[in-house]
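Input: a single structure, listed below in structure tokens.
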Amino acid sequence: MMKRNIFVVALEDKQRHAMETLREAKALNIHELLSVDTAVEAEELSFNQLFEETKAQLDSFSGSIDGIIAQWDFPTSVLSDHA
């Protein structure tokens, strides 16, 4: 079975551990999309810069992009062209 690649914006350890308890967790590869420092705790945030960094990270990923999740207030719908 091929694993699905799920990207999580500003993935924290507690989120990763929670996702690892999902019934289908063995079928998932969980990837961080932007760090907490970059997406949440930066002193200054530029949406355009974060958006470009996110697109670059997704574009450079060689596998399938099967899902993008955000717990933080990040508009993942603008990334739908990459999923």
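Following the working numbering, the numbering of the sequence shown begins with 182 at its first residue and continues without gaps. Glycine is no exception: its CB is placed at the ideal position from the N, C-alpha and C atoms.
**OP:** Would you please state the rounded distance, in angstroms, between the beta carbons of Gln196 and Val189? I believe it to be under 8 Å.
**Re:** The pair is a contact, with the Cβ atoms about 6 Å apart (cut-off 8 Å).
Subject >> Bridge-paired residues (DSSP) for Arg185 >> reply: Leu209
Original post:
So, helix, strand or coil for Val221, using DSSP?
Top reply: coil
Original post:
Thinking just about the alpha-carbon of each residue, which of Leu192, Leu203, Asn229 is nearest to the one in Val217?
Top reply: Leu192
Original post:
What is the residue span of the beta strand (DSSP E) that Glu251 lies within?
Top reply: The question names Glu, but residue 251 is Ala in the sequence shown. That run of the beta strand (DSSP E) goes 248-251.
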